Each structure stands twice: as structure tokens, then as C-alpha cells.
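Visitor:
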Amino acid sequence: MQRNPNSAAGHKRKISYADLALTYNAAGPLPQPHPNPQQQAAITAAQLQAQQLEEVRRRDLARRQSRKPTDRDIPDDVADAIVGDGLQRYKRLREVERRLDAVMMRKRLDVKDNAQREYARREGTLRLWISNTVEGQPWQVIEDGTGVDGDGLFELGDNSQATFRVKIEGRLLDNTDEDEPSPEKRPRLSDFFKAITIDFDRNPALTPDGFSQIEWRKQQAPTQAQPNPAYDPNSPENSFDCLEFERKGDENVNVTINLTRDTERERYKLSPGLAEILDTEEDDMLGAVQGIWEYARAMHLQEDDDKRTIVCDEPLRRLFNQDRLSFPYLPDILQPHLKPLPPLKLPYTIRVDKSYISPSDPTAPSQRTIYDLTVPLPNPTAHHITRYATSKTHLTSLSTIIHADDNLALLVQKLHATNAKRKFYENLAKDPRGFVGRWVGSQKRDLEVILAEAGRAGGGGEEGQGEEWRKGGEGGVWGSVLAKESVGLWCARQGKVN
Numbered sequence: 000m001q002r003n004p005n006s007a008a009g010h011k012r013k014i015s016y017a018d019l020a021l022t023y024n025a026a027g028p029l030p031q032p033h034p035n036p037q038q039q040a041a042i043t044a045a046q047l048q049a050q051q052l053e054e055v056r057r058r059d060l061a062r063r064q065s066r067k068p069t070d071r072d073i074p075d076d077v078a079d080a081i082v083g084d085g086l087q088r089y090k091r092l093r094e095v096e097r098r099l100d101a102v103m104m105r106k107r108l109d110v111k112d113n114a115q116r117e118y119a120r121r122e123g124t125l126r127l128w129i130s131n132t133v134e135g136q137p138w139q140v141i142e143d144g145t146g147v148d149g150d151g152l153f154e155l156g157d158n159s160q161a162t163f164r165v166k167i168e169g170r171l172l173d174n175t176d177e178d179e180p181s182p183e184k185r186p187r188l189s190d191f192f193k194a195i196t197i198d199f200d201r202n203p204a205l206t207p208d209g210f211s212q213i214e215w216r217k218q219q220a221p222t223q224a225q226p227n228p229a230y231d232p233n234s235p236e237n238s239f240d241c242l243e244f245e246r247k248g249d250e251n252v253n254v255t256i257n258l259t260r261d262t263e264r265e266r267y268k269l270s271p272g273l274a275e276i277l278d279t280e281e282d283d284m285l286g287a288v289q290g291i292w293e294y295a296r297a298m299h300l301q302e303d304d305d306k307r308t309i310v311c312d313e314p315l316r317r318l319f320n321q322d323r324l325s326f327p328y329l330p331d332i333l334q335p336h337l338k339p340l341p342p343l344k345l346p347y348t349i350r351v352d353k354s355y356i357s358p359s360d361p362t363a364p365s366q367r368t369i370y371d372l373t374v375p376l377p378n379p380t381a382h383h384i385t386r387y388a389t390s391k392t393h394l395t396s397l398s399t400i401i402h403a404d405d406n407l408a409l410l411v412q413k414l415h416a417t418n419a420k421r422k423f424y425e426n427l428a429k430d431p432r433g434f435v436g437r438w439v440g441s442q443k444r445d446l447e448v449i450l451a452e453a454g455r456a457g458g459g460g461e462e463g464q465g466e467e468w469r470k471g472g473e474g475g476v477w478g479s480v481l482a483k484e485s486v487g488l489w490c491a492r493q494g495k496v497n
């Protein structure tokens with residue numbers, strides 16, 4: 000593939016000042032005046048007020064959350080004031096809660112990882128039945144006698160009404176190991192493909208209606224960038240098990256049915272070496288990386304010091320031509336072994352002859368052609384996980400647990416305050432004179448810190464009031480190199496020289 004010289008990858012010339020000036024100084028589109036300036040001003044004021052209210056609400060919420068107590072551990076010195084073994088039982092309960100939280104966190108991560116995978120490592124068989132029927136064919140008209148003139152001759156003309164109707168049916172074969180899914184939950188033919196095209200092996204100029212291809216494309220689900228209000232996933236155009244089309248024709252014609260698979264993550268065709276290691280011919284990037292990681296763990300290829308480094312065995316060395324692989328760079332290493340997944344091509348011959356449509360032998364009329372396709376099955380647990388995560392009972396239980404945790408934190412905070420009062424009065428009762436003296440001294444120091452008088456009151460050198468700051472000469476603070484450099488820097492900032 001040739002590289003466009005004007006593209007970003009092939010651009011070699013440096014951006015000059017003239018390019019920037021041309022870009023930023025060029026005249027832009029003129030803003031159109033609002034038809035009603037007063038209305039525009041009112042809307043702007045209303046939007047500004049709404050933004051201010053939202054900012055006030057957000058700050059208030061952040062302030063309340065920062066003030067909310069989160070400590071739920073009871074201090075050890077409370078044990079002397081508690082009657083019975085309530086504190087020990089509470090600590091054991093907290094330890095059980097910590098272990099339960101750790102287990103639930105691991106399970107939550109496993110469930111989240113499972114829910115993010117659209118397809119589990121399961122495959123099913125999608126069976127397709129392809130057949131066609133005809134109407135108004137010459138042999139049918141002759142048998143009916145509708146195309147015979149008065150002399151008993153059959154007339155052939157360009158206004159022939161001979162047509163054929165092709166029918167493509169598909170159904171996922173049931174797995175005997177699993178329960179039968181309900182019809183509304185069973186995957187349909189359109190769920191596995193995003194486009195189906197039928198190519199006719201004939202020149203369009205020779206076809207009665209001038210068509211050489213028939214195409215069906217699934218409507219794309221709406222996104223934030225491309226909203227689609229008319230999208231309906233349950234509409235007959237997006238959800239079906241049978242696709243039919245009718246065209247004019249009175250001759251057998253070969254067609255190719257192209258099936259483009261529909262996957263949320265792009266799937267690739269694996270190279271022969273990679274397919275042999277992973278035991279699959281198709282997978283997405285995440286599945287290929289996970290497969291190499293599982294292979295390395297199963298074959299004990301990880302280094303002892305750094306588990307992220309894989310020591311290649313003979314199959315990996317032959318595939319990647321490397322002795323060691325670093326797991327963070329594995330997606331880049333796998334990229335050359337992943338090719339775009341081609342559409343499935345199914346050949347079929349549309350037959351309009353009598354031996355196929357109405358055979359004389361016991362063969363069934365319009366006998367169907369059958370294809371069995373291997374398709375990845377949807378994640379069987381995704382529906383249950385989504386239903387559980389969004390159920391009202393689950394959300395109510397979470398709200399109840401959060402409310403109980405908040406109440407518990409408030410009770411522990413009150414217990415801390417009560418314990419502080421208890422120790423205050425207990426120390427006061429043991430040594431009233433000494434305790435009051437220590438308490439008054441502590442309050443005095445706190446007041447000095449608040450009033451920024453701690454340096455002057457103590458007579459220390461914190462505020463530059465010590466004896467060493469009053470001493471001059473070369474041996475004092477003012478004669479040191481640091482003082483001279485500081486004075487020079489201050490003079491330079493003030494614009495003074497020397």
C-alpha cells in the first residue's frame with residue numbers, strides 16, 4: 000500500500016511560523032446575531048445561575064462527606080471502662096468483616112471481568128437452511144396453459160413475469176447439556192451478523208431487473224456521538240430468523256452469500272502457529288493475550304524473579320523468534336499474527352427447473368441446502384449479572400449496609416468523645432492540682448501558637464529574636480556566606496546593583 004505524501008505519517012516538512020500564522024490569523028466564521036438579544040441574555044443568566052447552584056451543591060456535598068466519620072475501630076483503652084466481653088466480640092466481628100470484604104472484592108473483580116467479556120470461551124453450531132421457490136416460470140405457464148395463444152403456440156417475450164424467491168433460515172442448535180432457552184431469549188440469526196450480502200454471478204446488464212447484489216445491514220445502536228432515536232433492537236429489520244428476497248429470472252443462477260459477523264470487540268483470524276498454540280482459529284486481542292498468558296502459566300514459563308517475563312519454549316520461540324517475552328508488550332508482539340476476519344462465504348445455486356421445484360421422484364420439492372457454522376456464544380452469565388446488579392432488592396440491601404456503616408461510625412465517634420471526657424475527669428480526680436496546672440499550661444501554649452507569639456515568649460531563635468541574631472562581625476549570622484548571598488539576591492530582585 001502506497002503512503003500518501005500529504006498524510007500525517009508521511010509528512011516530513013517541519014511546521015513553520017508562516018503555517019501557524021496562516022492557521023491562527025485566518026478569518027473564521029462570523030457569529031450570527033441572536034434574533035432576540037433579551038431572550039439570549041435571559042437564557043445566559045439562567046444558565047449561569049444554574050451553574051452556580053450546582054457548584055454550591057457540589058461543594059456542600061464534598062464538605063459534608065469530608066466531615067462524615069469513617070473510623071469504626073474502638074480504642075483499646077476503652078476496655079477498662081466496658082463491662083463484659085463486648086469489646087472482644089466487636090473486634091472479632093470486625094476481623095470477620097475484613098475477611099468478608101476481601102473475598103467480596105475478589106469476587107466483584109471476577110464478576111466484572113466476566114461481565115466485560117461479550118463472549119465466553121464457548122462455541123455453538125448455527126444451522127442455515129437455504130432454499131428457493133419459483134412462480135411464472137415457462138414450464139409452469141405451459142402446464143397451466145395461460146401463455147398459449149390461439150394457434151396453440153407459446154409466446155416468449157421481454158415482459159416475462161417469471162420470478163424466484165430465496166429463503167435463508169437460521170437457528171442455533173440446542174445444547175443438550177443446558178436448559179432450553181425461552182423463544183424471546185434465544186439468540187436469533189440476525190444477532191450473529193451485522194451485514195448479509197448476496198452476490199449474483201451474472202452481468203447486471205443481463206438480469207431482468209438490473210440487480211447484481213442484495214444487501215442487508217443491521218441498524219447501529221445509538222451512541223453518545225451518533226444518537227439514533229429510530230433505533231429499535233426488537234424491530235423485524237434488526238431481529239429475525241429468516242431472510243427472504245424475490246427477483247425476476249427464468250434461468251438457474253449461482254450466488255454467493257456473504258455473512259459479516261457482528262462482534263462488539265473486533266475478532267481476528269489467527270496465524271497457523273498462534274492458532275495451534277491457542278487451539279482456536281479466531282479470537283479477539285484480549286482472548287489472544289489471555290491465551291498466551293494461560294499457556295505460559297500452564298507450561299511454567301514465567302521467570303521466578305519477574306512473573307511478567309515469559310521464557311519462550313520451542314513453540315513460542317518458533318512463532319515469535321524471541322527467547323523472552325515481556326507481558327506488557329504482548330499486544331504489540333501479537334499484532335502481526337492477527338489478520339482481519341473475512342466474511343463467511345456460502346455458495347448456492349438458485350434453481351428454477353422443474354426437476355428441483357416439482358420433482359417426479361419421492362424427493363421433497365425445493366430441497367434445502369444446509370450449512371453448519373461454528374459461532375461464539377454469548378456470555379451465559381451476563382444476563383444474570385446485569386439483572387442482579389440492577390435489581391431493586393440488591394440496591395436496597397446496599398443502601399441498608401451503607402446506612403448501618405454510617406451509624407456505626409457515628410457511634411464510634413461518640414464513643415471516642417465519651418472516652419476522652421472519661422479520661423479527663425479520671426485524671427482530674429486523681430491529681431486535681433497537678434492536672435489543672437498541666438491543663439492551663441497546655442491551653443497557654445495553644446493560645447500562643449494561635450496568636451503567633453511562641454517565638455517571642457520563649458526567647459528562642461525561631462522568629463529571629465535570639466542572641467546570635469544580635470551579634471555582628473564576621474563570626475555572627477550576618478557575616479556568613481548565606482547572609483551575603485541572600486542580600487545579593489534581594490538587591491537583584493529590587494533592581495539594585497552592587
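In numbering that gives the first Met the number 0, the protein residues as written are 0 to 497.
Using N, Cα and C, we set each Cβ at its ideal position, and we do this for glycine too.
Since the structure is predicted, the reported quantities are computational estimates derived from the model, not experimental observations.
Using a Cβ-Cβ cut-off of 8 Å (strictly less than) and excluding sequence neighbours within five positions of T368, which residues of its own chain qualify?
Guide: These residues qualify, in order along the chain: W128, I129, S130 and Y347.
Visitor: Does DSSP classify K193 as helix, strand or coil?
Guide: K193: strand per DSSP, three-state reduction.
Visitor: Going by beta carbon distance, what residues of the same chain come within less than 8 Å of V435, once the five residues before and after it are set aside?
Guide: Around V435: L427.
Visitor: In whole angstroms, what separates the C-alpha of D360 from that of S354?
Guide: Rounded to the nearest angstrom, the two C-alpha atoms are 9 Å apart.
Visitor: According to DSSP, simplified to helix, strand and coil, what is Y230?
Guide: If DSSP states are grouped into helix, strand and coil, Y230 belongs with coil.
Visitor: Just checking, does the segment 54–62 make contact with the segment 385–404 on the three C-beta pairs under 8 Å criterion?
Guide: Judged by Cβ distances under 8 Å, the segment 54–62 makes no contact with the segment 385–404, as fewer than three pairs qualify.
Visitor: Within 10 angstroms of its Cβ, does S189 collect 16 or more other Cβ (buried), or is it exposed?
Guide: By the neighbour-count rule (16 or more Cβ atoms within 10 Å), S189 is buried.
Visitor: I need the straight-line Cα distance from P180 to E94, nearest angstrom please.
Guide: Here P180 scores only 49 on pLDDT, less than 50, and its place in the model is too uncertain to base an answer on.
Visitor: Which two residues bound the contiguous beta strand (DSSP E) that contains Y370?
Guide: That run of the beta strand (DSSP E) goes T368 to P377.
Visitor: Determine the closest residue to T132 out of E484, L446 and I356, with distance taken between C-alpha atoms.
Guide: Of the candidates E484, L446 and I356, the one whose C-alpha sits nearest the C-alpha of T132 is I356.
Visitor: What residues are listed by DSSP as bridge partners for S325?
Guide: In the DSSP output, where bridge partners are listed per residue, S325 has T308.
Visitor: Suppose you measure from the CA of V411 to the CA of D79; what does that come to, to the nearest Å?
Guide: Their Cα atoms are separated by approximately 16 Å.
Visitor: Compute the Euclidean distance between the alpha carbons of R187 and R246, then round it to the nearest angstrom.
Guide: Near 25 Å, if we compare the C-alpha coordinates of R246 and R187.
Visitor: So the beta strand (DSSP E) K166 belongs to, where does it begin and stop?
Guide: Counting along the chain, the beta strand (DSSP E) containing K166 begins and ends at T162 to L171.
Visitor: Nearest to T308 by CA position, among P314, Q321 and R317, is which residue?
Guide: Nearest C-alpha to T308: Q321.
Visitor: Thinking I167 and L99 are a contact (beta carbons under 8 Å), I'd like their distance in whole angstroms, please.
Guide: Their Cβ separation, rounded to whole angstroms, is 53 Å, which puts I167 and L99 out of contact at 8 Å.
Visitor: Restricting to Cα atoms, I'd like to know which of G248, L345, Q223 and P335 is closest to L258.
Guide: The shortest Cα separation from L258 among G248, L345, Q223 and P335 belongs to L345.
Visitor: On the DSSP bridge assignment, give the partners of S130 in chain order.
Guide: S130 pairs with K166.
Visitor: Pull the bridge partners of N257 from the DSSP assignment, please.
Guide: Paired residues: T196 and K344.
Visitor: Helix, strand or coil: how does DSSP classify G123 here?
Guide: Strand, per DSSP.
Visitor: Short check: CB of P74 to CB of L409, under 8 Å?
Guide: Against a cut-off of 8 Å, the Cβ pair of L409 and P74 comes out as no contact.
Visitor: Compute the distance between the beta-carbons of L172 and R105, then report whether it is under 8 Å.
Guide: No. Outside cutoff.
Visitor: Return yes when the Cβ of E122 is within less than 8 Å of the Cβ of V310, no when it is not.
Guide: No, they are not a contact pair.
Visitor: From which residue to which residue does the beta strand (DSSP E) around Q212 run?
Guide: Per DSSP, Q212 belongs to the beta strand (DSSP E) from Q212 to R216.
Visitor: P431 CB to nearest chain C CB: under 8 Å?
Guide: This model lacks chain C altogether, as it is built from one protein chain only.
Visitor: Give the range of the alpha helix (DSSP H) segment to which K422 is assigned.
Guide: Per DSSP, K422 belongs to the alpha helix (DSSP H) from K391 to K429.
Visitor: For the beta strand (DSSP E) holding L337, just list the boundary residues, first then last.
Guide: Residues L337 to P339.
Visitor: Under three-state DSSP, which class holds F556?
Guide: The first residue shown for the chain is 0 and the last is 497, placing residue 556 beyond what the model contains.
Visitor: Tell me the rounded alpha-carbon separation between E461 and F423.
Guide: Confidence at E461 is low in this model, with a pLDDT of 47, below 50, so its placement is unreliable and no value can be given for it.
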